[in-house]
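In the numbering used here, the protein residues as written are 223 to 486. Glycine is no exception: its CB is placed at the ideal position from the N, C-alpha and C atoms. Taking it in order: structure first as structure tokens, then the write-up.
Encoded structure:
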């Protein structure tokens, strides 16, 4: 979560998951229950292996494999919009790994990582406030999975360190990754994107938003953008905290070449 209320577009009402989860037709690699990557062409939106509502945050330590079960918020966790102060569905202790799970709607504030964490083959059917917030630690890994219907951000980076996102699919979103622009304590942050499939909607969206005045660094490789003939998806948006100051590759903050972005 973040206090960037000026970036909030509007409050979204409660939304429900359509049973069965229609396939997104994604072509990035998906991590299966065994932990092995399948061929890119095999990846589709997963079908839940059961569904469970929860009215209180689920704490995770160590490694937890849910075998593609879906969780959604009820009661106090029934928020699905951009309201500030929502609690997460999952709260990960430092060093925890959460794998093979679907977060349905309402999604509340998704996942909070209190320290280093790994999110492996985690899917967000309908992102609530944020899909995941990285709050403490030094290294956060998102491996496989995907997210859709994010009215604002998918991944919010409030703490220090580096976020690594690989083999991930995203659609219907505003910003995939944002380095916090107005947190009370600020840091120099890094983000690495690798093998990301993005489906555009014709509206402006950003893959990463970083604070160049804080010396943030974003490295992008293997980005495939679909359905974006108007080039509305901005690979790297530069900010001075909350003020946008430019876009595009450079050798200091937004590290990628035109060959790292493929449009289809």
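Take the Cβ of residue i as the centre, count every other Cβ of all protein chains shown within 10 Å, and call the residue buried at 16 or more, exposed below.
i	result
residue 378	buried
residue 401	buried
residue 308	buried
residue 421	buried
residue 232	A caution first: residue 232 carries a pLDDT of 38, below 50, which makes its placement in the model unreliable, though a value can still be read off. Exposed.
residue 462	exposed
residue 256	The predicted position of residue 256 is uncertain, since its pLDDT is 35 and thus under 50; no value can be drawn from it.
residue 474	exposed
residue 466	exposed
residue 298	exposed
residue 340	buried
residue 295	buried
residue 452	exposed
residue 468	exposed
residue 289	exposed
residue 272	exposed
Residue i and residue j: beta carbons closer than 9 Å?
i	j	result
residue 388	residue 365	yes
residue 347	residue 300	no
residue 376	residue 395	yes
residue 443	residue 415	yes
residue 385	residue 412	yes
residue 368	residue 391	yes
residue 423	residue 454	yes
residue 485	residue 438	no
residue 276	residue 333	no
residue 432	residue 405	no
residue 323	residue 291	yes
What did DSSP end up calling residue i once you bin it into helix, strand or coil?
i	result
residue 433	strand
residue 358	coil
residue 366	coil
residue 393	strand
residue 482	helix
residue 289	strand
residue 317	coil
residue 424	coil
residue 298	helix
residue 328	coil
residue 308	coil
residue 472	coil
residue 532	No information on residue 532 is available, as it lies outside the stretch 223 to 486 that the chain covers here.
residue 440	strand
residue 374	strand
residue 272	coil
residue 277	coil
residue 266	coil
Using a Cβ-Cβ cutoff of less than 7 Å, which residues in the same chain neighbour residue i once the five nearest sequence positions on both sides are dropped?
i	result
residue 238	The predicted position of residue 238 is uncertain, since its pLDDT is 36 and thus under 50; no value can be drawn from it.
residue 338	316, 317, 359, 360, 361 and 362
residue 457	429, 442, 445, 478 and 483
So what does residue i bridge to, in DSSP terms?
i	result
residue 411	383
residue 346	325 and 369
residue 448	421
residue 458	430
residue 465	462
residue 405	None; residue 405 has no bridge partner.
residue 341	320 and 364
residue 416	388 and 443
Excluding five sequence neighbours on each side, which residues of the same chain lie with their C-beta closer than 6 Å to the C-beta of residue i?
i	result
residue 285	319
residue 321	287, 342 and 343
residue 471	478
residue 274	293
residue 398	376, 392 and 429
Ignore the nearest five residues each way along the sequence and tell me which others in residue i's own chain have a CB closer than 8 Å to its CB.
i	result
residue 336	313, 314, 315, 316, 357, 358 and 359
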